[in-house]
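The next block holds one structure in the form of structure tokens; read it before the comments.
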Amino acid sequence: MSSADDEIEVCLEAKQSFILDAGAGAGKTYSLRKALTWLIGAKSGDLIRTGQSIACITFTKVATAEILAGIGETALVRVSTIHSFLWDMIKPHQKALRLALLKFNAGLKVGSSRKQDQDVLEAAIPDIDITYSETGTNFLEGRLHHDDLPGVAEMVFTDNPLLARIVAAKHPYIFVDEYQDTSEKVVNILLGSILPENPGGVVIGLFGDKLQNIYHGGENPGGGEIPAQYAANLKPVIKGENRRCSVAVISVLNHIRSDITQFPAADNVVGDAMYFHTSETDADKALALVRQYVQEERGWQPAPGEERELFLTHRVMSRKGGYDGLLSAYAARGGHYRDDLLSGDDRRIAFFIEKLEPLAEAWASGVSGKALSTLRSNGFRFGSNADKKAAREALDRLIELRAGGSVREVLEHIRKTKLIALIDDFSEWLAGPPPAPPQDDVDAVARAVRAKIFYDALFGLSYTQVSSFISFFNKHTPFATTHGVKGAEFDTVFVVLDDAGANWNIYSFTKYLNGEDSKSNPGRLIKTRNVFYVCCSRAKRNLAVVDLGKRSPTKDATVAKMFNTKNCVYL
Numbered sequence: 000m001s002s003a004d005d006e007i008e009v010c011l012e013a014k015q016s017f018i019l020d021a022g023a024g025a026g027k028t029y030s031l032r033k034a035l036t037w038l039i040g041a042k043s044g045d046l047i048r049t050g051q052s053i054a055c056i057t058f059t060k061v062a063t064a065e066i067l068a069g070i071g072e073t074a075l076v077r078v079s080t081i082h083s084f085l086w087d088m089i090k091p092h093q094k095a096l097r098l099a100l101l102k103f104n105a106g107l108k109v110g111s112s113r114k115q116d117q118d119v120l121e122a123a124i125p126d127i128d129i130t131y132s133e134t135g136t137n138f139l140e141g142r143l144h145h146d147d148l149p150g151v152a153e154m155v156f157t158d159n160p161l162l163a164r165i166v167a168a169k170h171p172y173i174f175v176d177e178y179q180d181t182s183e184k185v186v187n188i189l190l191g192s193i194l195p196e197n198p199g200g201v202v203i204g205l206f207g208d209k210l211q212n213i214y215h216g217g218e219n220p221g222g223g224e225i226p227a228q229y230a231a232n233l234k235p236v237i238k239g240e241n242r243r244c245s246v247a248v249i250s251v252l253n254h255i256r257s258d259i260t261q262f263p264a265a266d267n268v269v270g271d272a273m274y275f276h277t278s279e280t281d282a283d284k285a286l287a288l289v290r291q292y293v294q295e296e297r298g299w300q301p302a303p304g305e306e307r308e309l310f311l312t313h314r315v316m317s318r319k320g321g322y323d324g325l326l327s328a329y330a331a332r333g334g335h336y337r338d339d340l341l342s343g344d345d346r347r348i349a350f351f352i353e354k355l356e357p358l359a360e361a362w363a364s365g366v367s368g369k370a371l372s373t374l375r376s377n378g379f380r381f382g383s384n385a386d387k388k389a390a391r392e393a394l395d396r397l398i399e400l401r402a403g404g405s406v407r408e409v410l411e412h413i414r415k416t417k418l419i420a421l422i423d424d425f426s427e428w429l430a431g432p433p434p435a436p437p438q439d440d441v442d443a444v445a446r447a448v449r450a451k452i453f454y455d456a457l458f459g460l461s462y463t464q465v466s467s468f469i470s471f472f473n474k475h476t477p478f479a480t481t482h483g484v485k486g487a488e489f490d491t492v493f494v495v496l497d498d499a500g501a502n503w504n505i506y507s508f509t510k511y512l513n514g515e516d517s518k519s520n521p522g523r524l525i526k527t528r529n530v531f532y533v534c535c536s537r538a539k540r541n542l543a544v545v546d547l548g549k550r551s552p553t554k555d556a557t558v559a560k561m562f563n564t565k566n567c568v569y570l
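First residue of the sequence shown? That's 0 in numbering that gives the first Met the number 0, and the numbers climb one at a time after it.
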């Protein structure tokens, strides 16, 4: 057990809220499970006597399963996603929810597709039972999508201080896994409402690493840093161990960040970490040069399946990956739509990543048990053998359409067979364009035109464009680690940097390495540094950073310090 774990136990005993910051490979989840195990052993009697439990909030369902696997099933710990936790806390308070929904609706921008006429909603609200829906928002039907749940919940807690005391009475210990990916609204609820309303009555423990916040938009952007006014109430705990990376890679990570100095915590191999700048601007050709070099000059021989290429450019990716049409459809609608596609944040592509493709992959691979289990978790009901037969036939047809049909045909099949509940965006546009806005609302008309062009293009694509994108997303981007298995790691990692091919404003690797953004665009610098850190920290043994950007004396000096001059090669 590390000294950080000892510090956490002291905090728990003293009823002191805390924040654990731990670099990549430090074992954040281990520390969280260790703290839960300690609480179960030390406080179970008190919790059972008072009918209380420990709340553990995670960012994904994958993380929920991982934590439960580590501590075993127990009624003393409630592990759930952020949205499930919030909904369980506020759903019994329908009167407060209705008032919050009215307030939330009034605050939406004019022209928002979710905004309802305030007078109409006020007239309907007394008879509405508000529910949480994963398919979409419709306030007049009382449906809250997960996009809106944190905002509405924040209003409920702000306007009803007693609710914060009720939550603490149920959960005297609240842990947050991967706090850096938790939205600002949720942080406000936990640290701005629940903690201040319960001095000495609740312990909130945050586990994470602010440098591993790589969400930049979409439905649930993370804040990374905890605001100073909240951090002042939390005991800082630093965990400097790194059990994953080689000594060489750890050295690079310590040059990327200055807040935590990591050190080898196990029998870490020596490894190798290199920076390459090539005159070759084609990513495939540059990678071939680098591979030849590291094999012949450094003896790299990664085992099959233990190597990963991470691309921080999409110039070559869309062509190589077979999804150029999909990228074009998103890019035509606007820059932030393209960015949200590429990071997996877009709610439409997230439906395919998180719902449809895992189901199709499981069935196509012959893992029928997993496929049927996925169906159940998505709400499909098996009432008879006939239902099972119908599901099998529907899945067989899905695989056929996935290989040769259009996006529209796949979605129409899903809607008809009800294998998965479609998100509202798809259901509504499959039925045809929504009613046209008033012609005198020029902005709304323009948005409607862009939306129609987008959905016509998306639905007309071959579905292989979507499946190819997701395959490439899962194998070649760091963002996949936030949607899939936590702590993804590989023996050898190649990181490809290319600002010229990125076409997105959220990152600039050349300006990060040149130091240009430190004053001119510190927000972009942080985003670029974070995603660079996440990529480099995936490597267990060998790391090669392949830079296709412009070379400069300042950049040369930066990478020489980061990697050591002897490990910087110019081809």
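Glycine included, every Cβ here is placed at the ideal spot set by N, Cα and C.
Just grab the DSSP bridge partners of LYS60 for me.
For LYS60, which the question treats as bridged, DSSP gives no partner whatsoever.
Contiguous alpha helix (DSSP H) assignments of at least 4 residues, all confined to the stretch 208-284:
List check, alpha helix (DSSP H) in window: 227-230 and 246-255.
With a cut-off of 8 Å, do at least 3 Cβ pairs link the stretch 342-354 to the stretch 411-427?
yes
Starting from THR136 and walking both ways along the alpha helix (DSSP H), at which residues does that stretch end?
First-last for THR136: undefined, no H or E at that position.
Between VAL568, TYR569, LEU570 and PHE562, which lies nearest to GLY270 when the distance is taken from Cα to Cα?
PHE562
Cutoff 6 Å; reference GLU8; Cβ partners in own chain excluding five residues on either side
Around GLU8: TRP37.
Tell me the residue span of the beta strand (DSSP E) that contains TYR569.
For TYR569, the enclosing beta strand (DSSP E) begins and ends at 567-569.
With the cut-off set at 8 Å, would you say GLN261 and GLY223 are in Cβ contact?
no
Please identify the residue among ILE70, VAL268 and GLY324 whose C-alpha is closest to the C-alpha of ASN241.
VAL268
Using 8 Å as the threshold, is the C-beta distance between PHE156 and ASN104 below it?
no
Inter-stretch contact (C-beta, 8 Å, three-pair minimum) for the stretch 170-188 and the stretch 49-56:
Judged by pairs of C-beta atoms under 8 Å, the stretch 170-188 touches the stretch 49-56, as three or more such pairs exist.
Closest by CA to ASP490, which one among GLY106, LEU107 and PRO303?
ASP490 has its Cα closest to that of PRO303, out of GLY106, LEU107 and PRO303.
With DSSP as the reference, label THR80 as helix, strand or coil.
strand
So what does DSSP say about GLY106, is it helix, strand or coil?
helix
Per DSSP, what are the beta-bridge partners of ILE53 in this structure?
Its beta-bridge partners are VAL76 and TYR172.
Cα-Cα separation between LEU496 and MET273, rounded to whole angstroms
14 Å
What span of residues does the alpha helix (DSSP H) with ALA474 cover, start to end?
It should be pointed out that residue 474 corresponds to Lys in this sequence rather than to Ala. It spans 462-475 - the alpha helix (DSSP H) in which LYS474 sits, taken as one unbroken run.
Within its chain, find whatever has a CB closer than 6 Å to the CB of ARG77; leave out the 5 residues flanking it on each side and keep chain order.
The answer, listed in chain order, is SER52 and ALA54.
Whose C-beta lies closer than 7 Å to the C-beta of GLN438 among residues of the same chain, with five residues either side of it excluded?
VAL444
Limits of the beta strand (DSSP E) - the one that LYS90 falls within:
Counting along the chain, LYS90 falls outside any beta strand (DSSP E), and DSSP gives it neither H nor E.
Could you give the C-beta distance for ALA28 and GLU72, rounded to a whole number, given that I count them as a contact under 8 Å?
It is worth fixing the name first, because residue 28 is Thr in this sequence and not Ala. That belief does not hold up - the Cβ atoms of THR28 and GLU72 are roughly 17 Å apart, past 8 Å.
What did DSSP end up calling ASN502 once you bin it into helix, strand or coil?
Unreliable placement is indicated for ASN502, whose pLDDT of 47 sits below 50; no coordinate value is reported for it.
Thinking just about the alpha-carbon of each residue, which of ASP281, ASP118 and ILE81 is nearest to the one in ALA499?
ASP281
Are the CB atoms of ILE129 and LEU143 within a distance shorter than 8 Å?
yes
Can you tell me whether ASN384 is helix, strand or coil according to DSSP?
Here ASN384 carries a helix assignment [DSSP, helix/strand/coil].
Compare the Cα-Cα distances from GLY50 to each of ALA393, PRO171, ILE505 and LYS94 and report the closest residue.
The residue from ALA393, PRO171, ILE505 and LYS94 with its alpha-carbon nearest to that of GLY50 is PRO171.
Please list the terminal residues of the continuous alpha helix (DSSP H) segment that includes ILE452.
Here the alpha helix (DSSP H) through ILE452 covers 441-459.
Looking at C-alpha atoms only, which residue of ILE18, ILE173, ASP440 and ARG380 is the closest neighbour of THR416?
Put simply, of ILE18, ILE173, ASP440 and ARG380 the residue whose alpha carbon is nearest the alpha carbon of THR416 is ARG380.
Does DSSP put LEU421 in a helix, a strand or coil?
Three-state DSSP puts LEU421 in coil, outside helix and strand.
Could you pull out every residue in the same chain whose Cβ sits closer than 8 Å to the Cβ of LEU286, ignoring the five residues on either side in sequence?
GLU308, PHE493, VAL495 and VAL545
Top-ranked residue by Cα proximity to LEU460, from ALA402, PRO149, ILE413 and ASP516:
ALA402
Tell me the start and end of each unbroken alpha helix (DSSP H) in the stretch 487-560 that is at least 4 residues and wholly inside, in chain order.
508-513, 516-519 and 521-535
Who are the Cβ neighbours of ILE193 in its own chain at under 8 Å, not counting the five residues just before and after it?
PHE156, ALA163, VAL166, ALA167, ILE173, VAL201 and ILE203
Alpha carbon to alpha carbon, what distance is there between VAL289 and SER278?
12 Å
Quick test of your reading: VAL568 and TYR292, contact by CB under 8 Å. State the CB separation rounded to the nearest angstrom.
7 Å
Alpha carbons only, please: which of SER112, PRO91 and ALA123 is nearest the one belonging to TYR131?
PRO91
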